[in-house]
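In terms of this note's numbering, the sequence shown opens at residue 90 and continues consecutively. Glycine is no exception: its CB is placed at the ideal position from the N, C-alpha and C atoms.
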Amino acid sequence: MTCFRCAYCKAFQPVLDHLSMMFPGRIYSFDCSKNDIPVKGVLIEGYPTVYWFPSVTAASLDAGNSSRSGPIQYLGDRTVEEIQDFLLSKYDDVYSQIDPI
């Protein structure tokens, strides 16, 4: 979750770009200054805020529930290496085959 005016978010953008190449179609940036947060369990107290969302259907998110656990906020260092380790610990086996940077 980012804010386009935030200097910290601008500095974090290269990390997001790199992770987006490593996890195609799985990394998204959401500008909270222009959009509401439509998901229960997401709390934004500062920017950038990083969450991992377990796989659920769009319909279950719209209904405010899922069969899996809710979003998990990432609280570690905002480096490619640390976030990659976090994501690999969460993803299914298919993503554990990604070569580390």
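Rounded Cβ spacing between P137 and F101 (contact assumed at less than 8 Å):
5 Å
Between Y70 and Y163, which are expected to be in contact by the criterion C-beta below 8 Å, what is the C-beta distance as a whole number of angstroms?
Beyond the ends of the chain as shown, which are 90 and 190, falls residue 70; an answer cannot be given.
Q173 and L105 closer than 8 Å at C-beta:
no
Go ahead and label T168 buried or exposed: buried means 16 or more other beta carbons lie within 10 angstroms of its beta carbon, across all protein chains shown.
exposed
Report the three-state DSSP secondary structure of Y97 (helix, strand or coil).
helix
Only counting the same chain, and skipping five residues up and downstream in sequence, which positions put a Cβ closer than 7 Å to that of F142?
P160
Strand pairing of Y117, partner residues [DSSP]
Answer is none; Y117 lacks a bridge partner.
Which first and last residues belong to the beta strand (DSSP E) in which V169 is found?
Where V169 is concerned, there is no enclosing beta strand (DSSP E), although the alpha helix (DSSP H) it sits in stretches over V169 to K179.
Measure the C-alpha to C-alpha separation of F119 and S178 and round it to an integer number of angstroms.
23 Å
Among the residues of its own chain, which have a CB less than 7 Å from the CB of V131, if the five just before and after it don't count?
Y140 and P160
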